[in-house]
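Peer 1: Protein chains in written order, with the numbering used here: chain E, 167 to 377; chain D, 167 to 377. Just so it is clear, CB atoms sit at the ideal spot from N, CA and C, and this is done for glycine as well.
In structure tokens form, the structure reads like this:
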């Protein structure tokens, strides 16, 4: 009845998956620091285009390590990324993940100002100096607001993970972040999403040591 | 400073996004019932391959409508899909979304039996007769266990959303579901994921009427 199914122990499935995807990537080489991030995003999406789309600034991984080791926290614009990030691993260093999307004050003020809740969430995050890593997996409006806050000197993130997905101002918002001196990990083009955002954060955490 | 950025009111962003993606899809035609599902998945991923990958059985959408209108609930194997599904819209009909992945009894029994938590979650769901829609966005092991439970007559879902992603038994698990008489929505091949799963559920809910 289950012919064609390969029997694999639960603990071995992830390793086997990475073996298969490495085989498909073939001879392609990535830097030692970037490879786990690129591979985890492909593991999460089965989309090999990400091998070409993920753009990591030189200092990004090191800066993220330092921020997390220092107990820094993260903010994200999506509850799905919040659900997907390995919060237990992060908590070992003292940090946590914030998502203000459901906060009543955010909803009310966003409506009053006729801006997106996601962009207001960036303002709210900028008031918490322990938030060192900004993870935008959904809304380009959040990434644009973050660009402004960085440009104005209001915040100076250790890392911007800028992987909004979609069709309105998505490409433009990522291009803006690349113009800043801030460490960044982005996905070129329209692709990205909350699953990609969570995969990038988890790849960084796993590079620092797994449970 | 924000040159290149199109200023769009928050409430208009989604509509504009769907306009752009419809333009990219061009003359391509889908059935009236399938189009909102396919377009929402592309909206969520910016991956136009899904126009070819999404496979919806004839009775799937109607069966889902009936189950939801009847107050039926959903189960999912991923906390990210749980986070992404519009639970407020679902609650209007009386249903809810279950995810047993973090349940302590599931973790203990899965370890004892050396099976994945996701497959055990399907067994747990099969004991709740109000769960009518099974949403698998991550683990092929869950989809395989569900196949067995359906084959054995233990459960008779109104809809199986089978969109696990990855490299180990992913394609095979989807092929198995297609052999059953159960209404299904799957993604052919390796692609899928929790974001795709949530997008499919939300598309169905929005077809039934939005807040």
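(1) Please state whether DSSP places residue 168 (chain D) in a helix, a strand or coil.
(2) Give a yes or no on whether the minimum CB-CB distance between residue 332 (chain E) and chain D is below 9 Å.
(3) Within a Cβ cutoff of 6 Å, which residues of the same chain sit near residue 284 (chain D), ignoring the five residues on either side of it in sequence?
(4) Can you have a look at residue 207 (chain E) and say buried or exposed, based on whether 16 or more other CB atoms are within 10 angstroms of its CB?
(5) For residue 201 (chain D), which of D:222, D:212, D:183 has the nearest alpha-carbon?
(6) Determine, for residue 224 (chain E), whether the minimum Cβ-Cβ distance to residues of chain D falls below 9 Å.
(7) Please list, in chain order, the chain E residues whose beta carbon lies closer than 8 Å to that of residue 357 (chain D).
(8) Could you tell me whether the region 309–329 of chain D touches the region 217–232 of chain D, where touching means 3 or more Cβ pairs closer than 8 Å?
(9) Are the C-beta of residue 370 (chain E) and some C-beta of chain D separated by less than 9 Å?
(10) For my contact list, residue 343 (chain D) and residue 358 (chain D) are in at a C-beta cut-off of 8 Å; report their separation, rounded to the angstrom.
(11) Is it buried or exposed, residue 212 (chain E), if we count other Cβ atoms within 10 angstroms and call 16 or more buried?
(12) Helix, strand or coil for residue 317 (chain D), going by three-state DSSP, please let me know.
(13) Determine the chain D residues that contact residue 179 (chain E) at a beta-carbon separation under 8 Å, and present them in chain order.
(14) If you check the beta carbons only, do residue 310 (chain E) and residue 333 (chain D) fall under 9 Å apart?
(15) Taking just the CA atoms, how far does residue 299 (chain D) sit from residue 300 (chain E)?
(16) Please report the Cβ distance between residue 203 (chain D) and residue 220 (chain D), rounded to the nearest whole angstrom; I am assuming they are in contact, meaning their Cβ atoms lie under 8 Å.
(17) Assess, as a yes-or-no matter, whether the region 245–257 of chain D is touched by the region 368–375 of chain D under the definition of 3 or more beta carbon pairs within less than 8 Å.
(18) Between residue 182 (chain D) and chain E, is the shortest Cβ-Cβ distance under 9 Å, so that the two count as touching?
(19) List the whole-angstrom C-beta distance separating residue 350 (chain E) from residue 273 (chain E), where the pair is believed to meet the contact cut-off of C-beta under 8 Å.
(20) Mind checking residue 339 (chain D): buried by the 16 CB within 10 Å criterion, or exposed?
(21) Going by C-alpha to C-alpha distance, which of D:178, D:280, D:250, D:296 sits closest to residue 260 (chain D)?
(22) On the three-state DSSP scale, how would you describe residue 370 (chain E)?
(23) Consult DSSP for residue 241 (chain E) and reduce its assignment to one of helix, strand or coil.
(24) For residue 188 (chain E) and residue 195 (chain E), I'd like the C-alpha separation in whole angstroms.
(25) Just checking: is the beta-carbon of residue 339 (chain D) within a distance shorter than 9 Å of some beta-carbon in chain E?
(26) In chain E, which residues lie with their C-beta within 8 Å of the C-beta of residue 312 (chain D)?
(27) Given that residue 328 (chain D) touches chain E, what residues does it touch there, using C-beta distances under 9 Å?
(28) Using three-state DSSP, classify residue 252 (chain D) as helix, strand or coil.
(29) One question on the structure: do residue 294 (chain E) and residue 241 (chain E) come within less than 9 Å of each other, judged by their Cβ atoms?
(30) Using the beta-carbon of each residue, which ones in chain E are nearer than 7 Å to residue 229 (chain D)?
(31) Could you tell me which residues DSSP puts in a beta bridge with residue 264 (chain E)?
Peer 2: This is what the structure gives:
(1) The three-state reading of DSSP puts residue 168 (chain D) in coil, since its state is none of H, G, I, E or B.
(2) Chain D, which has a Cβ nearer than 9 Å to the Cβ of residue 332 (chain E), makes this yes.
(3) Cβ within range, chain order: 243, 305, 307, 308.
(4) The Cβ neighbour count for residue 207 (chain E), taken over all protein chains shown within 10 Å, is at least 16; the residue is labelled buried.
(5) Out of D:222, D:212, D:183, D:222 has the C-alpha closest to the C-alpha of residue 201 (chain D).
(6) By this cut-off, residue 224 (chain E) is not an interface position.
(7) Residues of chain E with a Cβ closer than 8 Å to the Cβ of residue 357 (chain D) are, in chain order, 211, 212, 213.
(8) Yes: the two stretches touch, three or more of their Cβ pairs being nearer than 8 Å.
(9) No, residue 370 (chain E) does not count as interfacial toward chain D.
(10) 12 Å between Cβ atoms; not a contact.
(11) Burial call: buried.
(12) Helix.
(13) Neighbours of residue 179 (chain E) on chain D, chain order: 282, 307, 334.
(14) No. Outside cutoff.
(15) Whole-angstrom Cα-Cα distance: 35 Å.
(16) Contact annotation, residue 203 (chain D) with residue 220 (chain D): C-beta distance approximately 7 Å; criterion of less than 8 Å satisfied.
(17) Yes: the two stretches touch, three or more of their Cβ pairs being nearer than 8 Å.
(18) Chain E, which has a Cβ nearer than 9 Å to the Cβ of residue 182 (chain D), makes this yes.
(19) The C-beta separation of residue 350 (chain E) from residue 273 (chain E) comes to about 29 Å, leaving the pair out of contact by the 8 Å criterion.
(20) By the C-beta density criterion, residue 339 (chain D) is buried, having at least 16 other C-beta atoms within 10 angstroms.
(21) Nearest to residue 260 (chain D) by C-alpha distance, out of D:178, D:280, D:250, D:296, is D:296.
(22) Here DSSP, grouped into helix, strand and coil, assigns residue 370 (chain E) to helix.
(23) Residue 241 (chain E): strand per DSSP, three-state reduction.
(24) One C-alpha to the other measures close to 10 Å.
(25) Cβ-Cβ to chain E under 9 Å: yes for residue 339 (chain D).
(26) Those within 8 Å of residue 312 (chain D) in chain E number zero; the least Cβ separation is about 13 Å.
(27) Within 9 Å of the CB of residue 328 (chain D), no CB atom of chain E is found; the nearest one sits about 14 Å away.
(28) For residue 252 (chain D), the three-state secondary structure derived from DSSP is coil.
(29) It is a contact, given that the beta carbons lie within the stated cut-off.
(30) Think of a sphere of 7 Å around the beta carbon of residue 229 (chain D): no beta carbon from chain E falls inside it, the nearest being about 24 Å out.
(31) BP columns for residue 264 (chain E) point to E:241.
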